[in-house]
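Counting from 1, position 57 in the sequence shown corresponds to residue 114 in this note's numbering; the numbering is continuous, with no gaps.
Virtual Cβ for every residue (Gly too), placed ideally from N, Cα, C.
The structure under discussion appears below in the form of structure tokens.
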Amino acid sequence: FLRVKLARPVPKGGETRIRIYKTYTAAPSYYEKDNTLVFDQTTDQNACWGFRMPTNWLSGFTVVVKFTSAVASGNVVMKSGLYVATDSSSDIDTSGAYIAADLSSVTAVAGTSGQPKEISWALTTTGLAAGRWVDLFIGRDADNGSDTAAGNVSLTSASFQYTSHRTSVPAPFVGTYSR
């Protein structure tokens, strides 16, 4: 994303234009193949989504991912974290660190290559509130010594669950990667 300081405020309901003079291309930290996001074993890689927390959010934030592995043995460690806006009307300030990089448990890949597995883990929710903008990253923790699966891991879907004012509900977030 780009952070832009404008010369003057934009009125509510108004608009302004910006011109981008320079862009750059960074090597991808993961790639897409067969409608999945593929993470290799050698590089810490993250996919990111931005969205506004549902207005009925009360507590909790559990990430649920489904993945397959190119190999039939070994363990995988996934990670995720959140940037959280300071209030409902603010943009996300990504100048600091994620509030936490929470790790999944060490999960054995399916005994057969390409078989799906599901893993879920709770995230630290400091500063999280209904209606706030958040950035969520999900990735493979290649630096973790417990991640021993020698091949690629393909993320086939990602969602999050939370407790609402009425009940605990699964909630796909904007940009849910699911095919």
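- [ ] Taking only the alpha-carbon atoms, compute the straight-line gap between proline 229 and serine 161 and give it to the nearest angstrom.
- [x] Model confidence at proline 229 stands at a pLDDT of 46, short of 50, so the residue's coordinates are unreliable and nothing is read from them.
Task: CA-to-CA distance, alanine 104 to glutamate 89, given in whole angstroms - done: 11 Å
Open item on the list: Suppose contacts are defined by Cβ-Cβ distances below 8 Å. Is isoleucine 195 in contact with serine 130 by that definition?
Closed with: no
Task: Where alanine 104 sits in the DSSP three-state scheme - done: Alanine 104 falls in the strand class under three-state DSSP.
TODO: Would you identify the three-state DSSP class for alanine 207, choosing helix, strand or coil?
DONE: Judged by DSSP in its simplified three-state form, alanine 207 adopts coil rather than helix or strand.
Task: Buried versus exposed call for alanine 179 [16 or more other C-beta atoms within 10 Å across all chains shown] - done: exposed
Task: Backbone secondary structure at proline 68 - three-state DSSP - done: coil
- [ ] Identify which residue in Asp204, Val210 and Ala187 has its Cα closest to the Cα of arginine 109.
- [x] Ala187
- [ ] Kindly confirm or deny that the region 93 to 107 and the region 164 to 174 touch, where touching means at least three C-beta pairs closer than 8 Å.
- [x] With fewer than three CB-CB distances shorter than 8 Å, the region 93 to 107 does not count as touching the region 164 to 174.
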